Amino acid sequence: MPTHMPHFPDLLFEPAARLRAWEHALMGLLAEAGYGELHPSLVMREPLEPEAVRFFDGADLVALRWDFTVALGRLLSSRFEAPPPRVSYAGAVFRRPQQPWEPVERFEVGCERLQAPGEDTAAADVELARLMVAMPAALGLRGGILQLGHAALLRRPMEAEALDAETTARVVRALHRRAAHRVREALDGHPAAARLTAHAEALLAEPDGPATLEALAASPYAGMLEDEIAHLGRAHAAIAPLLPPGLELRLDPADVQGIGFYTGPTLRLWAPGAQAELASGGRYDRLYPELGRDWKAAGFCLRLSRLLDLAETRPELFGGEGAR
Amino acid sequence: MSLLLAFPKGRLGDDLVPKLRGTALALDEAALKSRALRVPTATAGVEVLLLKGADLPRYVAAGIAALGIVGSDTLDETSEDLLELADLGFGACRLSLCAPGGTSLEDLRRRPHLRLATKYPKATTAWLTKEGLTAELVGLASSAELAPILGLADAIVDLVQTGGTLKAHGLAEAHVLGTTSARLVASRAAYLAEAAALGPVARELERALRA
């Protein structure tokens, strides 16, 4: 999909047909699993995000929908007394890109699993992981890597050590780059530097299977994180047998992207040659309480614009059932 | 399909090539003497792309090259999403505020309209913010030392290794903003997808190059 500044792509014939076919296949899979479609308005009102595409509607400053999870959160929390358990969505979002190659207008398909307090969130996480495992085949993607992480593995120790916002941001940036030396620099002089550095090194064990979790046993925070480590182990054991040929699973405790939003397990889909993840999701239990509802939530989103790019640059990666 | 590594041309590249001689990743000398930008190594199936430092992060982020060596100064200016696997220590420099001899940091602070020439706008902006200063940044790609002499800027923010170039232009370091060194970087997708192939090459680079 060739993109030109300002990155509002026109899809001509083949990519347009591919997008339509992918949306149809993915939404069909989600419908079969009991997820009902919601279509929040393309126009969102305040509060607006700085990266949103904003414009005036009369005297009101509004924005094009920049994020489905935010749009659905506002819609569901204001229109429903109890959470609809399974919702799906498909369409475009408009957001100023962080990377120069990304378009402003991006196509997405995704789903959210909502729960009232007291419901079994671990089972919901596994349900979503099973669905994500089925997505590459629906897209005709021959291979890929699923990266399984857990946001609380870093978040809880940093909160326990009362790290300030700036140091937290530096540690997260460093771990996101897998740069142990930058973690040491960021923590230099902090009273918990030795403990947190040892923890970061445990998180940075090479992404792999259960052996990666064993490395976490060496962390000074292993006791505090017992539940999270066990949860990750169970998720790994539940997903591994479901993997189709060509799809590999990497357990990566150092996956800290979106740690400000996610609160539990995270899952990302990668493919060789992709510049960013093709799908991402996880548990974000703080969103609905912020909107006045005590609901739990998890979900994932497929970045169809990135997949369209990949289909053009690496066509050999596609060719399964869902390919065009 | 070859595994591609991205190496920088210029100062860092000049330091790097001799360190790899005699290792499994030694660059082919005949190819180096030609003007080839894609050079075989002593290991079959592993080739090196010789790139300008500023272009290198994009090649790695896009997964064209699976691994690369780049200065932390370049890395800190890019918005590309890369893994930074190791600080290799060599090619160490200071990122410094440099002004005509006799001009101190305090002199520069008192300027009502401070003009700084640099090819490191992100690092300079971060420092200015930390110091509570404002300045007009004059973006230059090279030869920043000329800017204060010819009146294009009051001072420069640039890399200093020995200070010889500064001295030759009548400039001196007024303040050190930070230090930089060579880093081993990797493509995120390649690191996840080809960990088994990348691991030994990354370890060999680290072993050979770590200062």
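These protein sequence lines map, in sequence, to chains A and B. Counting from 190, one number per residue, gives the positions in the first sequence under the numbering used here. Counting from 14, one number per residue, gives the positions in the second sequence under the numbering used here. Idealized CB from N, CA, C, for every residue including glycine. None of these values were measured; they are calculated from a predicted model.
Original post:
In terms of DSSP beta bridges, what is A220 of chain A paired with?
Top reply: Taking the first sequence and counting its residues from 1, one reaches residue 220 of chain A at position 31. Partner(s): none; A220 of chain A has no beta bridge.
Subject >> Segment limits, beta strand (DSSP E) that includes T131 of chain B >> reply: The count along the second sequence starts at 1 and reaches residue 131 of chain B at position 118. Unbroken beta strand (DSSP E) run through T131 of chain B: R128 to T131.
Original post:
Whose C-alpha, out of B:G23, B:V61 and B:G26, is nearest the C-alpha of L38 of chain B?
Top reply: Walking along the second sequence from the start, residue 38 of chain B turns up at place 25. It is B:V61 whose Cα lies nearest to the Cα of L38 of chain B.
Original post:
So, is the C-beta of A136 of chain B closer than 7 Å to a C-beta in chain A?
Top reply: Here residue 136 of chain B is taken as the residue at index 123 of the second sequence, counted from 1. In terms of beta-carbon proximity, A136 of chain B stays away from the interface with chain A, with every pair separated by 7 Å or more.
Original post:
What does a CB cutoff of less than 6 Å around P191 of chain A pick up in its chain, not counting 5 residues either side in sequence?
Top reply: Residue mapping note: residue 191 of chain A aligns to position 2 of the first sequence, counting from 1. Caution is warranted here: a pLDDT of 47 is assigned to P191 of chain A, below 50, making its placement in the model unreliable, and the coordinate value is therefore given only provisionally. Nothing listed; no residue qualifies.
**OP:** Would you identify the three-state DSSP class for E517 of chain A, choosing helix, strand or coil?
**Re:** Residue numbering for chain A in the displayed model covers 190 to 513; residue 517 of chain A lies beyond these limits and cannot be assessed.
**OP:** With a 10 Å radius around its C-beta and 16 neighbouring C-beta atoms as the bar for buried, classify V189 of chain B as buried or exposed.
**Re:** Here residue 189 of chain B is taken as the residue at index 176 of the second sequence, counted from 1. So V189 of chain B counts as exposed.
Original post:
Does any CB atom of chain D fall closer than 7 Å to the CB of Q464 of chain A?
Top reply: Of the chains in the structure shown, none is chain D; the protein chains are A and B.
**OP:** Compare the C-beta of G76 of chain B against all C-beta atoms of chain A and say whether one is closer than 7 Å.
**Re:** On the second sequence, residue 76 of chain B is found 63 positions in, with the first residue counted as 1. Proximity of G76 of chain B to chain A, defined by a Cβ-Cβ separation below 7 Å, is satisfied.
**OP:** Report the residues of the stretch 82-109 of chain B with a CB closer than 8 Å to any CB of chain A, ordered along the chain.
**Re:** So the close ones are S92, E93, D94, L95, L96, E97, L98, A99 and D100.
**OP:** Please report the Cβ distance between L127 of chain B and P161 of chain B, rounded to the nearest whole angstrom; I am assuming they are in contact, meaning their Cβ atoms lie under 8 Å.
**Re:** Counted from its first residue, the second sequence places residue 127 of chain B at position 114. Counted from its first residue, the second sequence places residue 161 of chain B at position 148. About 12 Å; that fails the 8 Å criterion.
Original post:
Under the DSSP definition of a beta bridge, which residues are partnered with K485 of chain A?
Top reply: Here residue 485 of chain A refers to the residue found at position 296 of the first sequence. Partner(s): A:Q304.
Subject >> Straight-line gap, A512 of chain A to A74 of chain B (C-alpha atoms, nearest Å) >> reply: The residue labelled residue 512 of chain A in the question sits at position 323 within the first sequence. The residue labelled residue 74 of chain B in the question sits at position 61 within the second sequence. Low confidence applies to A512 of chain A: its pLDDT is 49, below 50, so where it sits in the model is not reliable, and the reading given next is rough at best. Our two residues, A512 of chain A and A74 of chain B, have alpha carbons roughly 26 Å apart in a direct line.
Original post:
For a contact meaning CB atoms closer than 9 Å, what does L80 of chain B contact in chain A?
Top reply: To locate residue 80 of chain B, count along the second sequence from 1; it is residue 67. Taking a Cβ-Cβ cut-off of 9 Å, L80 of chain B has no neighbours in chain A, whose nearest Cβ is about 13 Å from it.
Subject >> Environment of P236 of chain A [buried if 16+ CB atoms lie within 10 Å] >> reply: By 1-based counting over the first sequence, the position of residue 236 of chain A is 47. P236 of chain A is exposed by the Cβ-count criterion.
Original post:
How about A39 of chain B: is its C-beta nearer than 7 Å to some C-beta of chain A?
Top reply: The sequence position of residue 39 of chain B within the second sequence is 26, counting from 1. Judged by the 7 Å Cβ criterion, A39 of chain B is not in contact with chain A.
Subject >> Distance CB(S469 of chain A)-CB(F296 of chain A) smaller than 7 Å >> reply: What you label residue 469 of chain A is simply residue 280 of the first sequence in a count that begins at 1. What you label residue 296 of chain A is simply residue 107 of the first sequence in a count that begins at 1. Cβ atoms of S469 of chain A and F296 of chain A: not closer than 7 Å.
**OP:** Could you name the residues of chain B that H370 of chain A contacts, counting a contact when the two beta carbons are closer than 9 Å?
**Re:** Position 181 of the first sequence, counted from the first residue, corresponds to residue 370 of chain A. The answer, in chain order, is E97, A99, D100 and R196.
Original post:
By Cβ distance, which residues of its chain are closer than 8 Å to F257 of chain A, with the 5 residues on each side in sequence left out?
Top reply: Translated into positions along the first sequence, residue 257 of chain A becomes position 68. Hits under 8 Å: P229, Y278, G280, V282, E297, G299 and C490.
Original post:
Would L201 of chain A be called buried (16 or more neighbouring beta carbons within 10 Å of its own) or exposed?
Top reply: Position 12 of the first sequence holds residue 201 of chain A. The residue is exposed, with fewer than 16 neighbouring Cβ atoms inside 10 Å.
Subject >> Interfacial residues, the stretch 322-344 of chain A to chain B, with Cβ spacing under 7 Å >> reply: Sequence-ordered contacts of the stretch 322-344 of chain A with chain B read I334 and Q336 [C-beta pairs closer than 7 Å].
Subject >> Cutoff 7 Å; reference A210 of chain B; Cβ partners in own chain excluding five residues on either side >> reply: Position 197 of the second sequence holds residue 210 of chain B. So the list reads L16, once near-sequence residues are dropped.
Original post:
Just checking my contact of R227 of chain A with L253 of chain A at CB under 8 Å: how many whole Å lie between their CB atoms?
Top reply: Within the first sequence, residue 227 of chain A is the residue found at index 38, counting from 1. Within the first sequence, residue 253 of chain A is the residue found at index 64, counting from 1. In the sequence as presented, Arg is not what sits at residue 227 of chain A; that position holds Leu. Wrong, their Cβ atoms sit about 17 Å apart, outside the cutoff.
Original post:
What do you reckon, are the CB atoms on L317 of chain A and A487 of chain A nearer than 7 Å?
Top reply: In the first sequence, the residue the question calls residue 317 of chain A occupies position 128. In the first sequence, the residue the question calls residue 487 of chain A occupies position 298. Yes; because the gap between Cβ atoms is below 7 Å, this pair is in contact.
**OP:** At 9 Å on the CB atoms, spell out the chain B contacts of W459 of chain A, in chain order.
**Re:** The residue labelled residue 459 of chain A in the question sits at position 270 within the first sequence. Neighbours of W459 of chain A in chain B, taken as residues whose beta carbon is under 9 Å from its own, are R201, A202, L205 and A206 in chain order.
Original post:
Hey, is T192 of chain A's beta-carbon within less than 7 Å of any beta-carbon in chain B?
Top reply: The residue you call residue 192 of chain A lines up with position 3 of the first sequence. A caution first: T192 of chain A carries a pLDDT of 49, below 50, which makes its placement in the model unreliable, though a value can still be read off. Chain B, which has no Cβ nearer than 7 Å to the Cβ of T192 of chain A, makes this no.
Original post:
For G462 of chain A, does the three-state DSSP call read helix, strand or coil?
Top reply: Position 273 of the first sequence, counting from 1, holds the residue named residue 462 of chain A. In the three-state scheme derived from DSSP, where H, G and I count as helix and E and B as strand, G462 of chain A is classed as coil.
Original post:
So what's M190 of chain A in DSSP terms, helix, strand or just coil?
Top reply: In the first sequence, residue 190 of chain A corresponds to position 1, counting from 1. Any reading at M190 of chain A needs caution, since the residue's pLDDT is 49, under 50, leaving its predicted position unreliable; the model's value is listed next. Annotated three-state conformation of M190 of chain A is coil, per DSSP.
Original post:
Based on Cα-Cα distance, which residue from A:E350, A:G422 and A:R362 lies nearest to H339 of chain A?
Top reply: Here the question's residue 339 of chain A lines up with position 150 in the first sequence. For the residues A:E350, A:G422 and A:R362, the minimum Cα distance to H339 of chain A belongs to A:G422.
Original post:
Given that a residue counts as buried once 16 or more other Cβ atoms are within 10 Å of its Cβ, and exposed if not, what is M347 of chain A?
Top reply: Numbered from its first residue, the first sequence carries residue 347 of chain A at position 158. The residue is buried, with at least 16 neighbouring Cβ atoms inside 10 Å.
Original post:
With respect to the beta strand (DSSP E) encompassing F103 of chain B, which residues constitute its N-terminal and C-terminal limits?
Top reply: Taking the second sequence and counting its residues from 1, one reaches residue 103 of chain B at position 90. Careful: F103 of chain B lies outside any beta strand (DSSP E) and carries neither H nor E.
Original post:
Given P433 of chain A, which residues of its chain have a CB within under 7 Å of its CB, disregarding the five upstream and five downstream residues?
Top reply: Taking the first residue of the first sequence as position 1, residue 433 of chain A is located at position 244. The answer, listed in chain order, is A326.
Subject >> Own chain, CB closer than 6 Å to S200 of chain B, minus 5 neighbours either side, in chain order >> reply: Here residue 200 of chain B refers to the residue found at position 187 of the second sequence. Within the same chain, S200 of chain B has close Cβ partners V73, G76 and A79.
Subject >> Member of B:L121, B:R124, B:S85 and B:A105 whose CA lies at the smallest distance from the CA of R366 of chain A >> reply: Translated into positions along the first sequence, residue 366 of chain A becomes position 177. It is B:S85.
**OP:** May I ask you to report which of helix, strand or coil DSSP gives D441 of chain A?
**Re:** Position 252 of the first sequence, counting from 1, holds the residue named residue 441 of chain A. The DSSP-derived three-state label of D441 of chain A is coil.
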